[in-house]
């Protein structure tokens, strides 16, 4: 049984990683369009990506919008999560339902609604409009992650701090926040990824003034199948891989240098 599960796990990993075997070589291709196997290899499309404003502008727009979305989402979700998890009030069930609603409604329906509503507010084709729309979409997953951490929080630690004379602000700063820090970091990461990766809503409301990288990739592959798309995919994979590898490398360096491990 263990052998079967091991082979199933290997098969799943191969299935997930298989596209990289195609995408990464194509990013170094000399072909004029997406072609596998590549007829030759060069850095040409990497140079094109880093020197072409039509690609760099959407990339920076996506980073800016995702960052602002993360800050806005966390500012909204953190107090809302504390209220919904720790307090009882009239309409709590409805509030919980509304927090999860963007996850249940198809993005295409949300996009049409945003386009109509934001059009009246003059927010279509603006970065602010995309940030607000992405924040609504990021709320459910951020709320789920943070509420799970908060429900597992030991309230006796806060009670002990208050019994020793700590103010509510000091309790939150020195007790609650350090314990919830991993959950907050994961919530913020999910909010950033949700915004950076979102395509459907961006197609409807971003326009040229706030064009995001996913929208640019969608338009490019629809019109000409530009091989720069493979470059972007490879770079994003490299960033994720480095992010996953960094903690292990830090632990290895500390072990080799004899530095104390963080508790």
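Residue numbers (UniProt numbering): 1 to 263. Positions of the beta carbon are idealized from the N, C-alpha and C atoms, including for glycine.
On the premise that residue 102 lies in contact with residue 140, defined as a C-beta separation below 8 Å, what is that separation, rounded to the nearest angstrom? 5 Å
Reference residue 153, options 85, 52 and 14, closest by Cα: 85
For residue 41, the residue or residues it bridges with in DSSP: 29
Indicate whether the contact test is met: 3 or more Cβ pairs, each with one atom in the stretch 200 to 212 and one in the stretch 8 to 19, closer than 8 Å. no
In three-state terms, what does DSSP make of residue 88? coil
Which ranges does the alpha helix (DSSP H) cover as unbroken runs of at least 4 residues, wholly within the stretch 94 to 126, from first to last along the chain? 107 to 120
Spatial neighbours of residue 188 within its chain, please: CB distance less than 6 Å, with the 5 preceding and 5 following residues excluded, ordered by chain position. 70 and 74
Residue 208, enclosing alpha helix (DSSP H) - first and last residue: Taken as a continuous stretch (DSSP letters only), residue 208 belongs to no alpha helix (DSSP H), as it is neither H nor E.
Can we say the stretch 55 to 65 touches the stretch 213 to 224, given the rule of at least three CB pairs closer than 8 Å? yes
Over what stretch of residues does the alpha helix (DSSP H) that includes residue 242 continue unbroken? 228 to 257
Would you identify the three-state DSSP class for residue 52, choosing helix, strand or coil? coil
Pick out whichever of 34, 30, 68 and 50 has its Cα sitting closest to the Cα of residue 42. 30
Alpha carbon to alpha carbon, what distance is there between residue 222 and residue 116? 25 Å
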